[in-house]
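Numbering (the numbering used here), first residue to last: 31 to 256.
Each residue gets a CB set at the ideal place from its N, CA and C atoms; glycine is no exception.
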Ligand SMILES: CC(C)(COP(=O)(O)OP(=O)(O)OC[C@H]1O[C@@H](n2cnc3c(N)ncnc32)[C@H](O)[C@@H]1OP(=O)(O)O)[C@@H](O)C(=O)NCCC(=O)NCCS
């Protein structure tokens with residue numbers, strides 16, 4: 031392994047998006063209910079095409095979001111390989127709590143029940159981060175919106191490098207960072223200075239969705255270091 035697995039972080043290009051989306055799908059698998067509903071059928075060709083399209087539209091229309099890739103090289107002159115991605119957003123205003131104002135809901139969730147379930151999850155998902163953004167009084171907060179490292183390349187430091195890009199930027203501006211973390215990423219976030227604010231985020235989606243898997247997410251925040 032050695033230098034063959036040296037990891038670096040760079041801005042990703044539009045052309046990288048389909049590969050990055052595959053990394054998202056592989057890394058989360060079906061362990062993360064939020065990702066399963068947010069990116070429907072993400073492990074199928076049609077789900078990946080749709081997910082890539084959404085990521086691309088997001089990248090092209092939201093200048094406050096920075097799309098990063100973690101790469102490694104197969105040998106000294108080998109091709110670059112994308113092994114991870116992160117999206118960091120500098121949020122100065124609270125996100126839309128109503129999903130239909132943020133997304134093309136009919137296209138993304140054609141099934142009416144899926145759409146309603148997703149909308150209810152979304153409202154609760156964005157509540158804690160909205161509070162932190164509002165508390166910043168217009169200064170803004172760095173939000174880690176997406177983080178994934180391909181399972182074949184985990185524990186090589188890619189996740190930490192992608193997180194540290196955002197926490198360094200936040201430190202420079204004296205801003206807080208937040209993340210809605212999966213349990214598997216908790217240790218990584220703690221190492222990077224995040225602390226748990228909500229051990230298990232609340233997802234009260236009503237009794238009609240009682241049988242559906244709910245996300246298990248930890249809301250974590252990090253104060254800037256000077
Ligand atoms: C969480 C994730 C991004 C970590 O990526 P990674 O590249 O493996 O992380 P790193 O190699 O930088 O790990 C840094 C440290 O975090 C901790 N850590 C990382 N993965 C861990 C795991 N599975 N279990 C326990 N600690 C872990 C370790 O302390 C690790 O240091 P060490 O390897 O020296 O012990 C990756 O496991 C992943 O993509 N998981 C699935 C998707 C996901 O849950 N993303 C987070 C969404 S909020």
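- Here the C-alpha atom of residue 120 lies approximately 9 Å from the C-alpha atom of residue 174.
- Check the Cα spacing between residue 84 and each of 68, 215 and 194: the tightest is with 68.
- The DSSP assignment places complete beta strand (DSSP E) segments of no fewer than 3 residues inside the region 221 to 249 at 225 to 228, in order along the chain.
- Membership of residue 90 in the alpha helix (DSSP H) is indicated by the continuous run 75 to 91.
- Setting aside the 5 residues that flank it on each side, residue 94 is surrounded in the same chain by 119, 120, 121 and 122, each with a C-beta closer than 8 Å to its C-beta; the list follows chain order.
- The closest heavy atom of ligand 1 lies 7 Å or more from the beta carbon of residue 102.
- The beta carbons of residue 248 and residue 230 sit about 7 Å from each other, so the pair counts as a contact at 8 Å.
- Residue 179 and residue 124 do not touch by the CB rule: their CB atoms are close to 29 Å apart, not below 8 Å.
- Boundaries of the beta strand (DSSP E) harbouring residue 110: 110 to 121, taken from the DSSP string.
- The alpha carbon of residue 50 has as its nearest neighbour, out of 38, 116 and 75, the alpha carbon of 116.
- For residue 156, there is no enclosing alpha helix (DSSP H), as DSSP marks it with neither H nor E.
- Looking at the DSSP output, residue 101 bridges to 38 and 112.
- Between the region 35 to 54 and the region 88 to 104, the count of Cβ pairs shorter than 8 Å is three or higher; the stretches touch.
- Between the region 200 to 211 and the region 43 to 58, the count of Cβ pairs shorter than 8 Å is below three; the stretches do not touch.
- Per DSSP, reduced to three states, the secondary structure at residue 164 is helical.
- For the pair residue 140 and residue 227, the CB atoms are not nearer than the 8 Å cut-off.
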